[in-house]
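Shown next, in structure tokens, is the structure this report addresses.
Residue numbers (full-length UniProt numbering): 1 to 110.
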């Protein structure tokens with residue numbers, strides 16, 4: 001006779017039934033892990049392909065002086081625009097402080 005265990009529902013289970021349940025849980029877990037593994041491998045392949053394409057593009061740019069010069073000009077323009085944006089943001093902050101001061105003056109004088 002197999003020893004019986006009480007399950008969460010209060011129903012007795014034999015050790016063979018418990019073993020079957022544990023095996024099913026393990027199979028389910030293995031299936032889940034295998035699915036995750038397949039997804040990860042697919043993502044790795046995608047990233048590897050993306051990296052190889054980027055490397056080929058970089059090599060083509062490096063071999064083409066005209067593209068390299070254009071890239072340099074674009075980077076310079078980007079830097080100029082970022083500096084301009086920073087200056088505009090600082091100016092905006094200063095204007096907001098002035099506006100806040102004027103609004104406070106209006107409140108006090110009202």
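All C-beta atoms in this analysis are idealised placements derived from N, C-alpha and C, irrespective of residue type, glycine included.
**Message:** DSSP three-state label for residue 16, please.
**Reply:** Against the chain shown, residue 16 aligns to sequence position 16. Correct three-state label for residue 16: helix.
**Message:** So for residue 110, helix, strand or coil by DSSP?
**Reply:** Locating residue 110 in the chain shown gives position 110, counting from the first residue. Note: residue 110 maps to coil in three-state DSSP.
**Message:** Only counting the same chain, and skipping five residues up and downstream in sequence, which positions put a Cβ closer than 6 Å to that of residue 19?
**Reply:** Taking the chain shown and counting its residues from 1, the one referred to as residue 19 is at position 19. Correct list: empty, nothing qualifies.
**Any non-hydrogen atom of the ligand NAD closer than 7 Å to residue 109 Cβ** = Although the ligand NAD was asked about, the structure shown includes no ligands whatsoever.
**Asked** My guess is that residue 47 and residue 61 are in contact by the Cβ rule of under 8 Å, so how many angstroms apart are they, rounded?
**Response** Position 47 of the chain shown, counted from the first residue, corresponds to residue 47. Position 61 of the chain shown, counted from the first residue, corresponds to residue 61. By a beta-carbon distance limit of 8 Å, residue 47 does not contact residue 61. Their separation comes to about 21 Å.
**Prompt:** Any idea what DSSP makes of residue 104, helix, strand or coil?
**Reply:** For the purposes of this step, residue 104 is taken as residue 104 along the chain shown, with counting starting at 1. DSSP places residue 104 in helix when its eight states are reduced to three.
**Prompt:** How long is the line joining the alpha carbons of residue 85 and residue 96, rounded to whole angstroms?
**Reply:** The residue you call residue 85 lines up with position 85 of the chain shown. The residue you call residue 96 lines up with position 96 of the chain shown. C-alpha separation (whole angstroms): 16 Å.
**Backbone secondary structure at residue 64 - three-state DSSP** = Here residue 64 is taken as the residue at index 64 of the chain shown, counted from 1. Coil.
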